[in-house]
Amino acid sequence: EAQVTQNPRYLITVTGKKLTVTCSQNMNHEYMSWYRQDPGLGLRQIYYSMNVEVTDKGDVPEGYKVSRKEKRNFPLILESPSPNQTSLYFCASSLREGLRGEQYFGPGTRLTVT
Amino acid sequence: DAKTTQPNSMESNEEEPVHLPCNHSTISGTDYIHWYRQLPSQGPEYVIHGLTSNVNNRMASLAIAEDRKSSTLILHRATLRDAAVYYCILRDVLNYGGSQGNLIFGKGTKLSVKP
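Each protein sequence line maps, in turn, to chains P and Y.
Numbered according to our numbering, the first sequence terminates at residue 1200, and the numbering increases by one at each position without gaps.
Numbered according to our numbering, the second sequence terminates at residue 177, and the numbering increases by one at each position without gaps.
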């Protein structure tokens, strides 16, 4: 089954404790991205990657890092989480050509930073 | 990307058709019209997209006005599972600068389906 998976689905952590949210897709997609969703602000893109070893900032990259060492994986790293990063996070992927078409989203990771 | 305007909420009865409108009066000639939906506690899900002609797929139909300044997502027979927030999004396929894959989600239309 074609899918985007994220782990963990729920995470509660404390300020400053480094964490990684994993994202993996099994569709051989070149393009992957991370969004965060906050009430009243909608979904906003954090980082994206056009292919292996190619990443770039989205609209709200501060406080986040990403890496793309393999095509299927695109982890989101919070080196020193803060409470304002409490949010619902979604990973998405598509074919490069699919920028004109469909993006597939993961189920989401709900992060709480205390 | 050009902006879209959608009603905040709509209601429908189960098994009746639903027409979800979207206005995009500043649409450019290279903007595709995309629709996504987000069910409660889930990630966004692609529904349909089109450029000029009406489009049909297994989930829905997309009717695009002749001047392309508006479009309508049509769910032919609403089910309880169709209750979600529906987003109308414009994608400029010629905009390869910056974060070209970024989907700009507005507030969308919250669709409620009554049994």
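Don't be surprised by glycine CBs; every beta carbon is placed ideally from N, CA and C.
Everything numeric in this text was worked out from a predicted model, so none of it was measured.
DSSP-derived helix/strand/coil call for residue i
| i | result |
| --- | --- |
| Y:Thr88 | coil |
| P:Asp1142 | strand |
| Y:Arg139 | coil |
| P:Pro1169 | helix |
| Y:Asp154 | strand |
| Y:Asp129 | coil |
| P:Thr1106 | strand |
| P:Met1136 | strand |
| P:Val1199 | strand |
| P:Asn1114 | coil |
| P:Gln1089 | coil |
Exposed unless 16 or more other CB atoms sit within 10 angstroms - verdict on residue i
| i | result |
| --- | --- |
| P:Thr1195 | buried |
| P:Leu1127 | exposed |
| Y:Tyr158 | Residue placement at Y:Tyr158 is poorly supported in this model, since its pLDDT is 45, which falls under 50; the coordinates are not used for a value here. |
| Y:His86 | buried |
| Y:Thr88 | exposed |
| P:Tyr1096 | exposed |
| Y:Val109 | buried |
| P:Val1140 | exposed |
| P:Ser1168 | exposed |
| P:Glu1116 | buried |
| P:Gly1102 | exposed |
Residue(s) in a DSSP beta bridge with residue i
| i | result |
| --- | --- |
| P:Phe1176 | P:Tyr1121 |
| Y:Pro83 | Y:Thr134 |
| Y:Asp93 | Y:Asp154 |
| Y:His111 | Y:His96 |
| Y:Asn70 | DSSP, once it has assigned bridges, lists no residue as partnering Y:Asn70. |
| P:Gly1128 | P:Asp1124 |
| Y:Asn118 | Y:Ser123 |
| Y:Ser103 | Partner(s): none; Y:Ser103 has no beta bridge. |
| P:Phe1191 | P:Ala1178 |
| P:Lys1155 | According to DSSP, which records beta bridges pairwise, P:Lys1155 is partnered with nothing at all. |
| Y:Ala146 | Y:Leu173 |
| Y:Ile166 | For Y:Ile166, which the question treats as bridged, DSSP gives no partner whatsoever. |
| P:Thr1099 | P:Val1199 |
Evaluate contact between the region 126-137 of chain Y and the region 78-94 of chain Y, counting only Cβ atoms and requiring at least three cross-stretch pairs below 8 Å. yes
Check whether the region 1088-1102 of chain P touches the region 1111-1120 of chain P, counting contact only when three or more Cβ pairs, one atom from each stretch, lie closer than 8 Å. yes
Counting Cβ pairs closer than 8 Å, one from the region 1155-1174 of chain P and one from the region 68-77 of chain Y, do we hit at least three? no
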